Amino acid sequence: MTETINTDVVIVGAGPVGLFAVFELGLLDIRCHLVDILSKPGGQCSELYPEKPIYDIPGFPLVTGQGLVDNLMEQCKPFHPVFHHGEMVERLETIGTAEHPGFRVTTDGGQTIECKAVLIAAGGGSFQPKKPPIPGVDAYEGHSVFYAVRKMEAFAGTRVLIVGGGDSALDWTLNLQPIAERVTLLHRRDAFRAAPHSVNSMRELVASGSMDLLLGQVTALEGADGHLEAAVVKHDDGTSTRVVCNRMLPFFGLTMKLGPIAGWGLNLHENLVPVDTEKFETSTPGIFAIGDINTYPGKLKLILSGFHEGALAAQKIHRYVYPDKRLTFQYTTSSTNLQKKLGVA
Amino acid sequence: MAQISFIDSSGQTRTVGGEDGATVMETAIRNGIPEIEAECGGACACATCHVYVDPAWAEKVGKPQPMEEDMLDFAWEVQPNSRLSCQIKVTPDLDGLIVRTPARQG
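Quick mapping for you: the protein sequence lines, in order, are chains A and B.
Read left to right, the first sequence gives residues 178 to 522 (this note's numbering).
Read left to right, the second sequence gives residues 189 to 294 (this note's numbering).
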């Protein structure tokens, strides 16, 4: 059990909007911890479209998804945010009162953080592995079907069917091939998105008879009590192959699911969190929602809207964190106080 | 305005007008067509606007570019006539286009 962390605000989601909220809160002397299921900051910008240009960020006629994230990281650096990556906020408990809210946040990694306000900036929800549309696949999950490799040893001596054509599929094919009894890689076409050197290594293993490569899609699984025995693979020409295997690793990318947020006792509207447009506070005092995850009349799912929402939410959060301090509005251009915080004065 | 028909996985057909230059995905979203999610908003980054182009239209619509083909790896039950509707631009030539939507987008 790790020690409980105490901070001012927990931000759920380290996408562009969560990162800019660190900046706005930081200017008001509010410390933040961010929790994000992905292994790096940036949310959809880094995960879905790192190389794609964005044209509607004020002041940037063109910036790539990753470029924007890099700049936001630079911008929030003076405030020393603490990132908890690869973790998802599982539980959110109220430990204060409506006037003096307090929250206990628990991640699926067992980390507990106590804070005075929670800022949900979770975008489309948390990224989770896409599941293949194979009838009955659920029954095998956790026993024979896995969406990630936690311990390689668990695959020693097994017959593994790896499905996909990206880096995850190819990397695990090459890593597991030496220890598994047999590895079969299945992809729907004979072209791979993965790094060319991985693809070449895989092709060499296939040529030497050390592993198998099949083209097609899984249509059915055979087995009992969660123990996989074989997978039926359908090829483009309509024929099928039965692949004997006791492990399957499908790598179909990630999808966004609302996840545990649904269980936090907030009012929800079609999987979005309704907020007011003055403070961007939810139905629970002290819990705020900004960016794509919230909804209000006229809501636009734009990054710039999320930035604005973070700035306004920060004003109200200040009252929870410093109930006895009056907040004076200041500009970064003229306030030496703010410039000191930014490390430029 | 090209008329585009979307046939959903239960067989129901919805025909709507698509503006020239808009994508088939945008046309679907503007008209509330079910079974098109378009999670990424048309950046060819998610494969949740997957459609099957009616075989009679396959040639006119054309084949996916390599980037789209890569993205199709993430779609479900990909067939030779699979396309991502955010990568199909509506033109007068496509008046009468028929696409089918899959039961799920991920």
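Glycine residues also receive a C-beta, built at the ideal position from the N, C-alpha and C atoms.
No experiment lies behind these values; they were computed from the predicted model shown.
Item                                                                                                                                                                                                        : Value
Buried or exposed for isoleucine 272 (chain A), please, with buried defined as at least 16 other CB atoms from any protein chain shown within 10 angstroms of its CB.                                       : exposed
In the DSSP assignment, find the unbroken beta strand (DSSP E) run with histidine 210 (chain A) in it and report its ends.                                                                                  : 209 to 213
Rounded C-beta distance between methionine 433 (chain A) and glutamate 227 (chain B)? I'm assuming under 8 angstroms.                                                                                       : 7 angstroms
Output the distance between the C-alpha atoms of aspartate 247 (chain A) and cysteine 422 (chain A), rounded to the nearest integer angstrom.                                                               : 43 angstroms
Use the C-beta contact count for methionine 329 (chain A): other C-beta atoms within 10 angstroms, 16 or more gives buried, fewer gives exposed.                                                            : exposed
What whole-angstrom Cβ distance do aspartate 261 (chain B) and arginine 380 (chain A) have, given they're in contact under 8 angstroms?                                                                     : About 18 angstroms separates the two Cβ atoms, so there is no contact after all.
Curious, which full-length alpha helix (DSSP H) runs of at least 4 residues does the region 233 to 275 of chain A contain?                                                                                  : 242 to 253
Count the other CB atoms within 10 Å of the CB of valine 278 (chain B); is the residue buried (16 or more) or exposed (fewer)?                                                                              : buried
Leaving out five residues on either side along the sequence, give the residues of the same chain with a beta carbon under 7 angstroms from the beta carbon of leucine 382 (chain A).                        : Gln354 and Met388
Is there a Cβ of chain B sitting closer than 8 angstroms to that of arginine 370 (chain A), yes or no?                                                                                                      : yes
With 8 angstroms set as the bound, which would you pick, yes or no: does the beta-carbon of arginine 292 (chain B) sit closer than that to a beta-carbon of chain A?                                        : yes
Assign arginine 336 (chain A) to buried or exposed, taking buried as 16 or more other Cβ atoms, counted over all protein chains shown, within 10 Å of its Cβ.                                               : buried
Nearest-angstrom Cα distance between cysteine 253 (chain A) and isoleucine 494 (chain A)?                                                                                                                   : 18 angstroms
Out of A:Ile297, A:Glu224 and A:Tyr226, state which residue places its alpha-carbon closest to the alpha-carbon of histidine 210 (chain A).                                                                 : A:Ile297
Give the interface partners of proline 268 (chain B) over in chain A, defined as CB-CB distance under 9 angstroms, in chain order.                                                                          : Asp413
Mapping DSSP to helix, strand and coil, what is alanine 466 (chain A)?                                                                                                                                      : strand
Serine 197 (chain B) by DSSP, collapsed to three states: which one?                                                                                                                                         : coil
Using DSSP with H/G/I as helix, E/B as strand and the rest coil, what is glycine 286 (chain A)?                                                                                                             : coil
Taking the alpha-carbon of asparagine 514 (chain A) as reference, which of A:Leu205, A:Val189, A:Ile290 and A:Gly192 has the nearest alpha-carbon?                                                          : A:Leu205
Specify whether the region 266 to 282 of chain B and the region 195 to 211 of chain B touch according to this definition: at least 3 beta carbon pairs, one from each stretch, less than 8 angstroms apart. : yes
How far does the beta strand (DSSP E) with tyrosine 499 (chain A) in it extend, from its first residue to its last?                                                                                         : Looking at the DSSP string, tyrosine 499 (chain A) is not in any beta strand (DSSP E), and its letter there is neither H nor E.
Counting only beta-carbon separations shorter than 8 angstroms, does alanine 231 (chain B) have a partner in chain A?                                                                                       : yes
Using DSSP with H/G/I as helix, E/B as strand and the rest coil, what is leucine 426 (chain A)?                                                                                                             : strand
Quick check on glutamate 179 (chain B) - is its C-beta less than 8 angstroms from some C-beta in chain A?                                                                                                   : Because chain B here runs from 189 to 294, residue 179 (chain B) falls outside it and cannot be looked at.
On the premise that leucine 225 (chain A) lies in contact with alanine 233 (chain B), defined as a C-beta separation below 8 angstroms, what is that separation, rounded to the nearest angstrom?           : 4 angstroms
Taking the continuous alpha helix (DSSP H) assigned at isoleucine 339 (chain A), which residues delimit it?                                                                                                 : Run containing isoleucine 339 (chain A): none in the alpha helix (DSSP H); it sits in the beta strand (DSSP E), 336 to 340.
If you draw a straight line from the C-alpha of lysine 307 (chain A) to the C-alpha of glycine 430 (chain A), how long is it?                                                                               : 6 angstroms
In angstroms with no decimal places, state the Cα-to-Cα distance between glycine 286 (chain A) and threonine 454 (chain A).                                                                                 : 33 angstroms
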